[in-house]
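Note sheet for the following structure.
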Amino acid sequence: MTNSACYHCGLPVPEGAYYPVVIEGHEQRMCCPGCQAVASAIVEGGLERFYQYRTEASERPEDADLERAQWQLYDLPEVQSEFVLATEEGLARASLLLEGMTCAACSWLIEKHMSQFPAVTSLVVDVTTHRCTLTWNPNQQPLSELLAALASIGYRPRPATDEQQRDLAQRENRTALLRLGVAGFGMMQAGMVAVGLYTGAAEEWQVFLRWLSLLVTTPVVLFSAWPFFQSAARSLRAGQLIMDVPVALAIGLAYGASAWATINQSGEVYFESVGMFTFFLLVGRYLEMRTRHRNRLAYGNLAQLMPLSALWLGPEGERPVPVKTLKAGDQVRVRSGETFPCDGEILSGHSDVVEALLTGESRPVAKQPGDPVVGGTLNGESDLTVRVTAVGANTQISAIERLVSRAEQEKPHQVALADRVARYFVAAVLVIFAIVFGAWHLIDPERAFWVALSVLVVTCPCALALAMPTALTAATANLRRHGFLVARGHVLETLAKVDRVLLDKTGTLTEGRFSLRSIHCLTDRDRESVLTVAGALEAPARHPLAAAFAPWFGLKQAHNTRQSTAAGVEGEVDGIRYRLGHPDFAGELCPHRELPAVPDAEQLWLLLTSSEGPQAWIALEDKPREGARELIAYLQGRGIEVELLSGDRSGAVASLAADLNIGPYLAGALPQDKLARMQQAQARGERVLMVGDGINDVPVLASADVSVAMASASDLAQTRADAVLLSDNLATLSHTLELARRTRRVIQQNLGFSLGYNLLALPLAAAGLIPPWLAAIGMTASSLIVIFNALRLQRTRAPGISSGG
């Protein structure tokens, strides 16, 4: 398809001009190279939708404005909607991919550079995924200027969408393989030539072979090793040191000295060492890149699992519509085997739903009318009609993504410490390089340069910088597959040191799905009359107890209802005022009547009263959650203290504590009581893990050393927690605690090996016992050992828990 007008600016396309750009699968003609360049930049930046959103043709750019015009596209609200979220504080948060990152120290350089902009409140880089989260004040500075600032230091940003992630990964892989192939070919050719040089070739052949080595090694240095020089140069321009500085110095010095020796026909040449060093270093970088891509795929956006269209139900029948056009209240049909396009409530149909996406549990969950469903989960064998309750950014999947983004923003203390150590280590390596060179220059000037070069290569702290980020990323991906979502950066580090666990009861240790067990009427009212009134009072309520009365919702209407947290509900039914809940609360409605005794101390009893007096006792039951016994046994076996804190004031608390073998427990605990109990433990020097789900748990969740909210928890509880347990099986928490301990051991192993390797290799290299090519192999091998050791965490299975991953 072609147009007579320029697709970008709308001006006529001159006769004979051909400046095409493929946009959304169609070739579009531009009027000049400037429009072609901007349109190509828009397409390459993943912003093709710009042409859908614009209301008028763009201005024709001047050559000097091409770069600025490209970045200004990111200021359009329609474009930002793909990767920018507004925060509660009036700030904006962009999720970006960064091209050009090579090592952990790059993240520090980027954060340091961007901190000088007053609009930037935070910028945190995840070195394992090459993603960054930029939070800034849009009223102070537009996003385009900040993106241009990132690009100016060599790290070109792109929106962190799934399509962009895949495109960047593919381009990174192609480029890395090409550089690796050139380095491998050059290394082999230089190695074969070196055989002739070192086996006594005649003098006239020595000159020829040296020049041949220079010829085959030059592409290795100028192409394969170019990213090392580029990265080192921009870090030095910024006045900082990263690990590519000693790498680039080693390659440049070795190549330069060998080229000088070839031109002057004197001294030794080490072209084969240059090729070998570059090749093995690129092998290590390539494997690290592949690991990063695989981790990102496992840890990547859940939103990519949402379908693009849905079957909308309207007065005129069914028709497919884009998911983005759905709104709350719409009805959609989800056929068997299809993915739910939104959060919703089932209106008709019965089916099994696979929720492994959220919980890690592959067993289907039975669903019926009235049950909620989550977008991205999979419908089973029957069609369902669903009423839409949330779409887009309001879905549970989007909420989970925001929690993950929050975790990525926070760099664990261990990783931050390793980054600082690595930067100082680079400076130390350069100092040692100079000292060794000076010492050997006095001992044996001919060997001084090559011995110092080996020191420079063998002590490169790549393994040290990879030791912790790789382990933490692998462990976090493992936990997410099993239904445990890390929302704060310190979670794994703190879980490994927990001394005491505080557990809520309802909805945490128990399923939180109450059912009616028995009724003890106190008047001549019959059972159905009592339940009809109770159903009317509980219908507007949102607490877990209300679900037990769902079959009686709507039979009568309650007016002027009021809910009292941890006490009960009250309202008017047929003109009579009722209260249902804890005996103390319900008894206040008839203060002059003596309250009847609770039938027993083993169950959860609710008292229904009216202004006329007590009406009935209603007993509810709530079963222990799956995996509760295993969790308590694991904690006690590890010597971790377990305590049950519940707002429930019934005898059910004592009964559950005895059933699960929990020693200390507190019934009828108010939020301040739970908080005080936790602070007492912290004052004793204990590290406390709190697991809860209710609004009354928010203060203690926010104050605990590490906190976990259940998937059924309120939004407020989840946002205050450090992690979310998406799985219904509490044994997942046992797996999490064990994996946190194992992660700590792997990090210690990696750090010990990295430091031990450098302490051992450094004196050997300084003594002249390690040639440069062997130093390159040693440095690469140390990085690979650290990576593969960390990847073991990703393969750890949770015993007794089926994984949907």
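Each residue of the sequence shown is one higher than the last, beginning at 350 in the working numbering. Note that CB positions come from ideal geometry on N, CA and C, so glycine has one too.
Straight-line gap, residue i to residue j (C-alpha atoms, nearest Å)
{"i": "Lys1023", "j": "Glu961", "result": "36 angstroms"}
{"i": "Leu564", "j": "Arg528", "result": "17 angstroms"}
{"i": "Leu779", "j": "Leu1142", "result": "34 angstroms"}
{"i": "Ser731", "j": "Val670", "result": "21 angstroms"}
{"i": "Asn728", "j": "Val737", "result": "15 angstroms"}
{"i": "Trp954", "j": "Glu919", "result": "16 angstroms"}
{"i": "Asp412", "j": "Gln421", "result": "With a pLDDT of only 45 at Asp412, under 50, the local geometry of the prediction cannot be trusted, and the value read off the model is given with reservation. The straight-line gap from Cα to Cα measures roughly 15 angstroms."}
{"i": "Leu1123", "j": "Gly449", "result": "28 angstroms"}
{"i": "Thr734", "j": "Asp593", "result": "58 angstroms"}
{"i": "Ala647", "j": "Leu984", "result": "The pLDDT assigned to Ala647 is 46, lower than 50, so where the model puts this residue is not dependable; a value taken from the coordinates is nonetheless given after this. When rounded, the distance between both Cα atoms is 29 angstroms."}
{"i": "Gly936", "j": "Ser995", "result": "22 angstroms"}
{"i": "Asn650", "j": "Val702", "result": "Here the model assigns Asn650 a pLDDT of 48, short of 50, so the residue's position is not dependable, and the following value carries that caveat. Those two C-alpha atoms are separated by around 21 angstroms."}
{"i": "Gly832", "j": "Pro363", "result": "60 angstroms"}
{"i": "Glu757", "j": "Thr958", "result": "Model confidence at Glu757 stands at a pLDDT of 49, short of 50, so the residue's coordinates are unreliable and nothing is read from them."}
{"i": "Gly724", "j": "His699", "result": "17 angstroms"}
{"i": "Val807", "j": "Ala777", "result": "13 angstroms"}
{"i": "Ala885", "j": "Phe898", "result": "9 angstroms"}
{"i": "Val433", "j": "Asp475", "result": "17 angstroms"}
{"i": "Ser1052", "j": "Val800", "result": "55 angstroms"}
{"i": "Cys380", "j": "Gly374", "result": "19 angstroms"}
{"i": "Phe466", "j": "Leu483", "result": "12 angstroms"}
{"i": "Tyr368", "j": "Pro361", "result": "13 angstroms"}
{"i": "Thr881", "j": "Gln906", "result": "9 angstroms"}
{"i": "Asp1071", "j": "Ala1030", "result": "19 angstroms"}
{"i": "Leu1140", "j": "Pro576", "result": "26 angstroms"}
Nearest neighbour of residue i, chosen from the options [CA to CA]
{"i": "Phe438", "options": "Cys691, Asn488 and Gln579", "result": "First, the residue type needs correcting, since residue 438 is Glu and not Phe in the sequence shown. The shortest Cα separation from Glu438 among Cys691, Asn488 and Gln579 belongs to Asn488."}
{"i": "Pro690", "options": "Lys716, Thr843, Leu657 and Ala677", "result": "Leu657"}
{"i": "Gly1041", "options": "Thr958, Gly936 and Pro1020", "result": "Pro1020"}
{"i": "Tyr854", "options": "Pro467, Met1039, Phe629 and Gly924", "result": "In the sequence on display, residue 854 carries Lys and not Tyr. It is Met1039."}
{"i": "Cys384", "options": "Arg876, Ala1058, Gly365 and His357", "result": "His357"}
{"i": "Tyr1014", "options": "Leu993, Ala907 and Ala1032", "result": "Leu993"}
{"i": "Ser562", "options": "Thr470, Gly605, Ala1110 and Pro794", "result": "Gly605"}
{"i": "Tyr423", "options": "Tyr635, Glu494, Ile781 and Arg796", "result": "Glu494"}
{"i": "Glu842", "options": "Arg1036, Ala498, Pro963 and His941", "result": "Arg1036"}
{"i": "Arg634", "options": "Arg684, Phe557 and Asn522", "result": "Asn522"}
{"i": "Gly293", "options": "Asp720, Gly693 and Ile784", "result": "Any question about residue 293 goes unanswered here, given that the chain covers just 350 to 1154."}
{"i": "Trp966", "options": "Leu1133, Thr566, Trp901 and His869", "result": "His869"}
Helix, strand or coil at residue i according to DSSP, with G and I counted as helix
{"i": "Cys593", "result": "According to the sequence provided, residue 593 is Asp. The question's Cys does not apply to it. It is helical."}
{"i": "Gly530", "result": "helix"}
{"i": "Pro508", "result": "strand"}
{"i": "Gly917", "result": "strand"}
{"i": "Thr872", "result": "coil"}
{"i": "Gly666", "result": "strand"}
{"i": "Ser658", "result": "strand"}
{"i": "Gln964", "result": "strand"}
{"i": "Gly365", "result": "coil"}
{"i": "Ala1051", "result": "helix"}
{"i": "Asp692", "result": "strand"}
{"i": "Gln489", "result": "coil"}
{"i": "Asn613", "result": "helix"}
{"i": "Arg1033", "result": "coil"}
{"i": "Lys846", "result": "coil"}
{"i": "Ile502", "result": "coil"}
{"i": "Cys939", "result": "coil"}
{"i": "Asn1078", "result": "coil"}
{"i": "Ala715", "result": "strand"}
{"i": "Phe833", "result": "strand"}
{"i": "His892", "result": "coil"}
Residue i - partner residues in DSSP beta bridges
{"i": "Ser697", "result": "Thr734"}
{"i": "Ala859", "result": "It is Thr, not Ala, that sits at residue 859 in the sequence shown. Answer is Pro973."}
{"i": "His375", "result": "Ile372"}
{"i": "Thr808", "result": "Bridge partners of Thr808: none, in fact."}
The ligand GTP heavy atom lying under 6 angstroms from the CB of residue i
{"i": "Phe629", "result": "This structure lacks the ligand GTP, and indeed carries no ligand of any kind."}
Chain B within 7 angstroms of residue i, Cβ atoms only
{"i": "Arg849", "result": "The chain inventory of the structure shown lacks chain B, comprising one protein chain alone."}
Contact between the region 997-1017 and the region 820-828 (3+ Cβ pairs under 8 angstroms): no
At least 3 beta-carbon pairs within less than 8 angstroms: the region 897-916 vs the region 928-936: yes
The region 1110-1118 touching the region 845-862, judged by at least three CB pairs closer than 8 angstroms: no
The region 861-868 / the region 1101-1113 touching (three or more Cβ pairs under 8 angstroms): no
The region 608-623 contacting the region 536-543, beta-carbon criterion three pairs below 8 angstroms: yes
Segment contact flag, the region 626-635 with the region 596-614, C-beta cutoff 8 angstroms, min 3 pairs: yes
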